[in-house]
Amino acid sequence: MPDCVAASRREILAGVSASALTLCTFTNSGAQTAKSIWPKVRPAIAASVDMEAKITALMARMNVFQKVGQMVQPEIKNISPDDAAKYHIGSVLSGGGSWPTGEVDGPLAGWLSLANMFYGASMDTGDSRLAIPILWGTDAVHGHNNVMGATIFPHNIGLGAANNPGLMRDIGTVTAREVAVTGIDWTFAPAVSVAKDSRWGRTYESFSSDPKVVANLAKEFVLGLQGHPALGNFLSQQKVIGTAKHFIGDGGTTMGIDQGDAEVSEEELYKNHGQGYVQTIGAGVQTVMASFSSWNGEKLHGHKYLLTDVLKIQMGFDGFVIGDWNGHEQVKTCSASSCSNAINAGVDMIMVPEAWKAFLDNTIRQVKAGVIPMARIDDAVRRILRVKFRSGMFDDGKPTAHELAGRAKLIGHADHRALARQAVRESLVLLKNEAALPLSPDSSVIVTGPGADNPNMQAGGWTLDWQGRDVNSKYYKGFTTVKAAFERSDFTVMRDEAARADAAIFVFGETPYAEMDGGLDSLDFDVDLSAIKAFKLRGMKVISIYLGGRPRGLDAVIDMSDAFIAAWLPGSEGGVGLVDVMGGQAYDFKGRLPFDWPHSSDSNFGEGAPRHARGYGLSYAKIAP
Ligand code: GLC
Numbered sequence: 000m001p002d003c004v005a006a007s008r009r010e011i012l013a014g015v016s017a018s019a020l021t022l023c024t025f026t027n028s029g030a031q032t033a034k035s036i037w038p039k040v041r042p043a044i045a046a047s048v049d050m051e052a053k054i055t056a057l058m059a060r061m062n063v064f065q066k067v068g069q070m071v072q073p074e075i076k077n078i079s080p081d082d083a084a085k086y087h088i089g090s091v092l093s094g095g096g097s098w099p100t101g102e103v104d105g106p107l108a109g110w111l112s113l114a115n116m117f118y119g120a121s122m123d124t125g126d127s128r129l130a131i132p133i134l135w136g137t138d139a140v141h142g143h144n145n146v147m148g149a150t151i152f153p154h155n156i157g158l159g160a161a162n163n164p165g166l167m168r169d170i171g172t173v174t175a176r177e178v179a180v181t182g183i184d185w186t187f188a189p190a191v192s193v194a195k196d197s198r199w200g201r202t203y204e205s206f207s208s209d210p211k212v213v214a215n216l217a218k219e220f221v222l223g224l225q226g227h228p229a230l231g232n233f234l235s236q237q238k239v240i241g242t243a244k245h246f247i248g249d250g251g252t253t254m255g256i257d258q259g260d261a262e263v264s265e266e267e268l269y270k271n272h273g274q275g276y277v278q279t280i281g282a283g284v285q286t287v288m289a290s291f292s293s294w295n296g297e298k299l300h301g302h303k304y305l306l307t308d309v310l311k312i313q314m315g316f317d318g319f320v321i322g323d324w325n326g327h328e329q330v331k332t333c334s335a336s337s338c339s340n341a342i343n344a345g346v347d348m349i350m351v352p353e354a355w356k357a358f359l360d361n362t363i364r365q366v367k368a369g370v371i372p373m374a375r376i377d378d379a380v381r382r383i384l385r386v387k388f389r390s391g392m393f394d395d396g397k398p399t400a401h402e403l404a405g406r407a408k409l410i411g412h413a414d415h416r417a418l419a420r421q422a423v424r425e426s427l428v429l430l431k432n433e434a435a436l437p438l439s440p441d442s443s444v445i446v447t448g449p450g451a452d453n454p455n456m457q458a459g460g461w462t463l464d465w466q467g468r469d470v471n472s473k474y475y476k477g478f479t480t481v482k483a484a485f486e487r488s489d490f491t492v493m494r495d496e497a498a499r500a501d502a503a504i505f506v507f508g509e510t511p512y513a514e515m516d517g518g519l520d521s522l523d524f525d526v527d528l529s530a531i532k533a534f535k536l537r538g539m540k541v542i543s544i545y546l547g548g549r550p551r552g553l554d555a556v557i558d559m560s561d562a563f564i565a566a567w568l569p570g571s572e573g574g575v576g577l578v579d580v581m582g583g584q585a586y587d588f589k590g591r592l593p594f595d596w597p598h599s600s601d602s603n604f605g606e607g608a609p610r611h612a613r614g615y616g617l618s619y620a621k622i623a624p
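This is the structure:
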């Protein structure tokens, strides 16, 4: 283990780079070649001589403008289809909360018609342009979550608690179908992050702190999302391209600082943060997204050893590396509009939402000046075209002609919601139960608390918009909140909160957040206990339900409640899934903690024993370990 004198979180957040403040001494394993640590991964997709010949022939007709254009990914708000065609742009993205008409409740058809416009423009061979279809990528990370009315699955932390590989594959399949309805080709999922410090604002995007769980669930999700040659459905029109992200070590930064520094040995990097890439590459994932974070002080977007020597040469990844949202600008000597270092390090497509034109011009200049070797450009373009050929998009015609295009009934389909409801049930972790659950069928309940009727809190970030906070709850179509689910159930719901009922269901949790907005100094979570105290004084059982993106220090709430359920961020079917299990008639608790659950006093995360260790969870049938 390294010997580190870590600086205070505040000092690091003050902008002084972690490596300058952390005096870690590692045995420098850099001297070992990649071979000694990283495995060669057997390719899931056999190389095709014919396809490579097609790519060679196409590239032979491409000039430097057309090649570099393929490597640039603007955001849809900042480029028109005509300009995408004019500058030979290879891909566009829609970020969190970027809707084609600019309105969250715009017509569903708006997605497909914009996809059609981008595709049509990219295939227009006017002005002797080459017909190379454009790829549209989006963050469908827990269902097609930017689309109103879509099925919203539990975030990864809940799916890690469920730890059901077959369920994960089905979720991948359904997610792909709902994305395909809108004409989009590619989702930036799954995150294969292994969150080691729950103060990280992206803990909920991680399945678990256990690398094996992460690897196994991510593999299954990719198989559902993309299909597989052995299943005869690889990148069929019901499938979409996946992304293993964020390469590498995003969940292992010191103090869980987002975009911080993973100060670990190379062996630990592989053992703790590399398993998801081994399994998803083995399952055929076609893209990998570079991480904003650093490894021992060097930004991943500029890390040639990891991006090229390890990922591509040693592990044999033959898809393409996509940068993260202006992630290249954090690399030495770089800006949003110029970064030869990222391209030379091995980023094949640069996600440059706004400054795409300047980036294009600068990169072409750098190629002509020899700052970026033509061989590097050719490697990147070949990888991008290989994924496009594998996806069939050269032959599938315009998005509106695709098999599932415009089939609006698939969005939020009852079968999809039933799958999400199952996922909710299996994700719930029962931390405490003193003769409170299951509720007897004739129970009377009061359902209260800030999360009782709160779809935003129920879904968390990456829902309708980036942070999950700013879209009015009325647009969360198809959601069933906890309160609504109880009201539709056979239980008697007392509307008068002063009444005496058999049990009070107190629902509370974290205000939604995404990425750096979710960073914490301490996991302690102060909750107003007055409601719980009042119910206890009236002799009622109190069942507390926590909605949040990570374990928090909640000793007082847990100690005062008769039962406590960690529901994580359960999504659109959260209410019904909870009622299913709380009634206990047909379902029992199955979820087990995917991360350690701290004590409230444990503000220095990692010191002192957790309140409950990873793997803990009670059920009606038995007391789990
Ligand atoms: C974000 C995230 C990444 C996401 C990308 C596009 O900053 O880091 O996970 O896929 O930008 O929205």
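First residue of the sequence shown: 0, per numbering that gives the first Met the number 0; consecutive thereafter. Ideal placement from N, C-alpha and C gives every residue a C-beta, glycine not left out.
Closer than 7 Å: Lys244 CB and nearest the ligand GLC heavy atom: True, at least one ligand heavy atom lies under 7 Å from that Cβ.
Candidates Val309, Asp81, Val423: closest to Asp126 by CA position: The candidate whose alpha carbon is nearest that of Asp126 is Asp81.
Entirely enclosed alpha helix (DSSP H) segments - the region 18-87, minimum 4 residues: Listed in chain order, the complete alpha helix (DSSP H) runs (minimum 4 residues) inside the region 18-87 are 48-59, 63-69, 80-85.
Close beta carbons around Thr479, own chain, < 6 Å, minus the five adjacent residues each side: Close CB contacts of Thr479 within its chain, under the 6 Å cut and outside five residues either way in sequence, are with Gly574, Val575 (chain order).
The region 360-368 touching the region 103-110, judged by at least three CB pairs closer than 8 Å: The way I'd put it, the region 360-368 doesn't touch the region 103-110; fewer than three beta-carbon pairs between them come closer than 8 Å.
7 Å CB neighbourhood of Asn603 in its chain, flanking five on each side removed: Because the pLDDT at Asn603 is just 47, under 50, the model does not fix this residue reliably, and the point stays unresolved.
Of the listed residues Leu111, Asp49, Ile376, Val48, nearest to Asn644 (C-alpha basis): Residue 644 cannot be examined here, being either before or after the span of the chain that is shown, 0 to 624.
In chain order, each alpha helix (DSSP H) run of at least 4 residues that lies wholly inside the region 471-514: Segments of the alpha helix (DSSP H) lying fully in the region 471-514: 481-487.
For Ala179, the three-state DSSP class (helix, strand or coil): If DSSP states are grouped into helix, strand and coil, Ala179 belongs with the helices.
Exposure label - Met373; buried when at least 16 CB within 10 Å: Burial call: exposed.
Inter-residue CB distance, Thr186 and Gly275 (contact presumed, cutoff 8 Å): The beta carbons of Thr186 and Gly275 sit about 16 Å from each other, so the pair does not count as a contact at 8 Å.
Candidates Phe588, Gln236, Ala483, Leu519, of which the one nearest Ala451 by Cα: Ala451 has its Cα closest to that of Ala483, out of Phe588, Gln236, Ala483, Leu519.
Coil, strand or helix - Gly552 by DSSP: Gly552 falls in the strand class under three-state DSSP.
Status (buried if at least 16 other CB within 10 Å, exposed otherwise) for Lys211: The residue in question, Lys211, is exposed, as its Cβ has fewer than 16 Cβ neighbours within 10 Å.
Chain-order list of residues whose beta-carbon lies under 8 Å from that of His245 (same chain, five-residue window excluded): In chain order, Ala190, Ser192, Met288, Ala289, Ser290, Phe291, Ser292, Leu299, Asp323 place their CB closer than 8 Å to the CB of His245, counting only its own chain and leaving out the 5 sequence neighbours on each side.
Close beta carbons around Ile133, own chain, < 7 Å, minus the five adjacent residues each side: Cβ within range, chain order: Ala83, Ile88, Gly89, Ser90, Val91, Phe117, Tyr118, Ser121.
Sequence-distant residues of the same chain with beta carbon closer than 6 Å to Ala435, five excluded per side: Same-chain partners within the cutoff: Lys540, Ile542, Asp561, Ala562.
Contact check, Ile183 vs Thr137, beta carbons under 8 Å: Cβ distance < 8 Å, so Ile183 and Thr137 count as in contact.
Pair within 8 Å by beta-carbon distance, Phe588 and Val580: Less than 8 Å divides the Cβ of Phe588 from the Cβ of Val580.
beta-carbon Asp138 near the ligand GLC non-hydrogen atom, thresh 7 Å: If you check the C-beta of Asp138 against the ligand GLC, you find a heavy atom less than 7 Å away.
Euclidean distance between Cα positions of Ser264 and Trp37: Computed Cα separation, rounded: 13 Å.
Closest by C-alpha distance to Ser336, when choosing among Ala422, Leu305, Ser197, Ala354: Here the closest residue by C-alpha is Ala354.
Nearest-angstrom Cβ-Cβ length linking Pro42 and Ser426, presumed shorter than 8 Å: The C-beta distance from Pro42 to Ser426 rounds to 33 Å, too long to fall under 8 Å, and the pair is not in contact.
Inter-residue spacing [alpha-carbon to alpha-carbon] between Asp209 and Lys356: For the pair Asp209 and Lys356, the Cα-to-Cα distance works out to about 42 Å.
Whole-angstrom C-beta distance between Thr510 and Met456, which should lie under 8 Å: At roughly 7 Å, the Cβ-Cβ gap stays under 8 Å, so Met456 and Thr510 are in contact.
Proximal residues to Ser518 (C-beta, below 6 Å), its chain only, five neighbours per side dropped: A small correction: the amino acid at residue 518 is Gly; Ser does not occupy that position in the sequence shown. Excluding positions up to five away in sequence, the list reads Gly200, Asp257.
Nearest candidate by alpha-carbon position, reference Lys397, set Cys338, Phe64, Thr181: Cα-wise, what sits closest to Lys397 is Thr181.
Sequence-distant residues of its chain with Cβ nearer than 7 Å to Gly148 (five each side left out): Result list for Gly148: Ile410, Gly411, Lys476, Gly477, in chain order.
Proximity test, Asp469 beta-carbon vs the ligand GLC heavy atom, cut-off 7 Å: For the ligand GLC, not one heavy atom lies less than 7 Å from the Cβ of Asp469.
Opening and closing residue of the beta strand (DSSP E) in which Tyr545 lies: Where Tyr545 is concerned, the enclosing beta strand (DSSP E) stretches over 540-546.
Val428 vs Gly616 beta-carbon contact at 8 Å: Going by C-beta atoms, Val428 is nearer than 8 Å to Gly616.
Neighbour flag for Ser293 against chain B, beta carbons, 8 Å: The chain labelled as chain B is not found in the depicted structure, where only one protein chain is given.
Cβ pair count under 8 Å reaching 3, the region 438-454 against the region 494-505: Touching, yes, given that three or more Cβ pairs across the two stretches are closer than 8 Å.
Gly95 Cβ short of 7 Å to the ligand GLC heavy atom set: Flag set: Cβ of Gly95 near the ligand GLC.
Exposure label - Tyr619; buried when at least 16 CB within 10 Å: Flag for Tyr619 reads exposed.
Alpha-carbon to alpha-carbon, Gln421 and Arg551: Rounded to the nearest angstrom, the two C-alpha atoms are 25 Å apart.
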